[in-house]
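Enquirer: Residues 4 to 363 in the working numbering are what the sequence shown spells out, letter by letter.
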Amino acid sequence: MLTELRVRRRDLADAKIVERELPELAEGEVLLEVEKFGLTANNVTYGLVGEQIGYWRFFPTPDAPERGIIPVWGFGRVAASKSDQLAEGERLYGYFPMASHLVIRPKRKGGAVIDTAEHRSGLPVTYNAYRLTGEEPSFLAEREDARAVLFPLFATSFVIADWLEDNDYFGVEQVIVTSASSKTGFGTAAALKRLEKKVRTIGITSAPRTDFVRSLGTYDEVLSYDQVTGLDPDTPAALVDMSGNAEVITKVHNHLGENVKVSSIVGATHWDAPRQKEPLPGAKPTMFFAPAQIEKRDKEMGAGAFMAEALKAWAEITDDTADQLTYEAHRGGEAAKAIWMQMVAGEVAPNRGILVSFGP
Numbered sequence: 004m005l006t007e008l009r010v011r012r013r014d015l016a017d018a019k020i021v022e023r024e025l026p027e028l029a030e031g032e033v034l035l036e037v038e039k040f041g042l043t044a045n046n047v048t049y050g051l052v053g054e055q056i057g058y059w060r061f062f063p064t065p066d067a068p069e070r071g072i073i074p075v076w077g078f079g080r081v082a083a084s085k086s087d088q089l090a091e092g093e094r095l096y097g098y099f100p101m102a103s104h105l106v107i108r109p110k111r112k113g114g115a116v117i118d119t120a121e122h123r124s125g126l127p128v129t130y131n132a133y134r135l136t137g138e139e140p141s142f143l144a145e146r147e148d149a150r151a152v153l154f155p156l157f158a159t160s161f162v163i164a165d166w167l168e169d170n171d172y173f174g175v176e177q178v179i180v181t182s183a184s185s186k187t188g189f190g191t192a193a194a195l196k197r198l199e200k201k202v203r204t205i206g207i208t209s210a211p212r213t214d215f216v217r218s219l220g221t222y223d224e225v226l227s228y229d230q231v232t233g234l235d236p237d238t239p240a241a242l243v244d245m246s247g248n249a250e251v252i253t254k255v256h257n258h259l260g261e262n263v264k265v266s267s268i269v270g271a272t273h274w275d276a277p278r279q280k281e282p283l284p285g286a287k288p289t290m291f292f293a294p295a296q297i298e299k300r301d302k303e304m305g306a307g308a309f310m311a312e313a314l315k316a317w318a319e320i321t322d323d324t325a326d327q328l329t330y331e332a333h334r335g336g337e338a339a340k341a342i343w344m345q346m347v348a349g350e351v352a353p354n355r356g357i358l359v360s361f362g363p
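1) Closer than 7 Å by C-beta to Val231: which residues in its own chain qualify, once you throw out the five before and the five after it? Chain order, please.
2) In three-state DSSP terms, what is Asp326?
3) Would you kindly work out how many angstroms separate the C-alpha atoms of Leu143 and Ala151, rounded to a whole number?
4) For the candidate residues Pro282, Ala90 and Arg11, whose alpha-carbon lies nearest to that of Ile20?
5) Nearest to Thr221 by CA position, among Pro211, Gln177 and Ile320, is which residue?
6) Can you tell me where the beta strand (DSSP E) with Glu7 in it begins and where it stops?
7) What's the gap between the Cα of Ala249 and the Cα of Ile73?
8) Excluding the 5 residues preceding and the 5 following Val81 in the sequence, name in chain order all residues of the same chain whose CB lies nearer than 7 Å to its CB.
9) What residues match up with Ala109 in a beta bridge as DSSP calls it?
10) Could you work out which residue in Glu121, His104, Ala18 and Glu350 is closest to Met4 when comparing CA atoms only?
11) Counting only runs that start and end within the segment 124-183, where is the beta strand (DSSP E) found for 3 or more residues in a row?
12) Give me the Cα-Cα distance between Asp354 and Leu15, rounded to the nearest whole angstrom.
13) Do three or more CB pairs link the segment 323-339 to the segment 301-313 at distances below 8 Å?
14) Identify every run of the alpha helix (DSSP H) within the segment 198-227, keeping only runs that are complete inside it and at least 4 residues long; order them along the chain.
15) Quick check: the Cα distance between Pro236 and Met344, rounded to an integer number of angstroms?
16) Return the CA-CA distance between Leu219 and Leu28, expressed in angstroms with no decimal places.
17) Confirm, please, whether the CB-CB distance from Leu242 to Ile179 is below 8 Å.
18) Using a beta-carbon distance below 8 Å, is Arg94 in contact with chain D?
19) Please report the residue range of the beta strand (DSSP E) in which Val231 lies.
20) In the DSSP assignment, find the unbroken beta strand (DSSP E) run with Glu303 in it and report its ends.
21) The beta strand (DSSP E) spanning Ile252 covers which residue range?
22) Considering only C-alpha positions, which residue in the set Asn131, Ala192 and Ala286 is nearest to Thr204?
23) Going by the beta-carbon positions, is the gap between Met198 and Glu224 smaller than 8 Å?
24) Around the C-beta of Glu38, are 16 or more other C-beta atoms found within 10 angstroms, so that it is buried, or is it exposed?
25) Please determine, among Ala352, Asn170, Val351 and Thr324, the residue with the shortest C-alpha to C-alpha distance to Leu157.
26) Going straight from the alpha carbon of Ser360 to that of Ala102, what length do you get?
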């Protein structure tokens, strides 16, 4: 039996468990059993921008476009194979549906396989590639839970930091990160600290979370949302927004004015807050899309070299913040639905690392 969590595309809090028979495999196809995956606010963002970026296209459902399946990052094992590219029992890390199983059409490429299924053609290869865990270094196996939860986030953080450095920080002297308690947020600050050229980082978060964010030691300064006017309006700044909250974005832009030299929308942790519609002073807010920078670096450095650096950075940042995070497992369809509802409602504290499995 295949179990899926499907959400209403226009109301992510409307989720239901669907069970159906496992599909028959065609020649060249492989059935993966999804062993476990990480769940974070980043997955809520996938749903919010699913139409715009194309996230709903990865795992189509019969009841589309009303409902869809949120993509997640995790581990799967080959349960059955009609392909010479993968054998039963092999394990993969990559992009999975919130479901118990996934059918792919694999093609080997180095230490990975690419899903060549027709409906995934034209989608970013970053999301279509599955790493073969049996061919990876041992330090990854030792951090498997952290990889499921943190790697997609800290990898994005690494790419954001690289993008800023690649553009000479757009001439700014400070980088302001909203929703600073989010894992992608404090990962970005940590990634910026690793770079040779330093820039001041300021994290903005809700008042109850300021102590947690300060305890991470990743930001140079931490402010609450009602302290935004404490930002120096005369210092050129880059805004890296994880909140997607128009009120927060507007407050920063109005206070800094034309000194907002770049405004990048990365996430939407405040998913139910109003979206930005009105023009603002300073740089126009634009959506950040990590695969574009990854593809640029692949052309410059050779395929895989950039993400190898990201993997190293992820391990270092993960170890540096390990004492601040606690991992917890949620098993079964109803448990998956319950923790998804908590995530959508913003009820998951930033120090929790959520792992989900549809198995017992």
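Even glycine gets a Cβ: it sits at the ideal position worked out from N, Cα and C. All of these numbers come straight from a predicted model, not from anything done at the bench.
Expert: To lay it out plainly:
1) Ile207, Lys254, Val255 and His258
2) Three-state result, Asp326: helix.
3) 11 Å
4) Arg11
5) For Thr221, the closest of Pro211, Gln177 and Ile320 by C-alpha to C-alpha distance is Ile320.
6) Leu5 to Arg11
7) 24 Å
8) These residues qualify, in order along the chain: Val33, Leu35, Leu89, Ala90, Glu91, Gly92 and Glu93.
9) Contrary to the premise, residue 109 reads as Pro rather than Ala in this sequence. DSSP lists Asp118 as partners of Pro109.
10) For Met4, the nearest C-alpha among the options comes from His104.
11) 132-135 and 177-181
12) The sequence given here has Asn at residue 354, not Asp. So the two alpha carbons sit approximately 23 Å from each other.
13) no
14) 213-219
15) Put simply, the backbone Cα of Pro236 is about 39 Å away from that of Met344.
16) 47 Å
17) yes
18) Checking the listed chains, one finds no chain D in this structure; it contains a single protein chain.
19) Here Val231 belongs to no beta strand (DSSP E), and DSSP marks it neither H nor E.
20) It is not in any beta strand (DSSP E) - Glu303 instead sits in the alpha helix (DSSP H) that spans Ala293 to Met304.
21) Run containing Ile252: none in the beta strand (DSSP E); it sits in the alpha helix (DSSP H), Ala249 to Leu259.
22) Ala192
23) It is Leu, not Met, that sits at residue 198 in the sequence shown. For Leu198 and Glu224, no; Cβs fall outside 8 Å.
24) buried
25) It is Phe, not Leu, that sits at residue 157 in the sequence shown. If we check each option's Cα against that of Phe157, Thr324 comes out closest.
26) 8 Å
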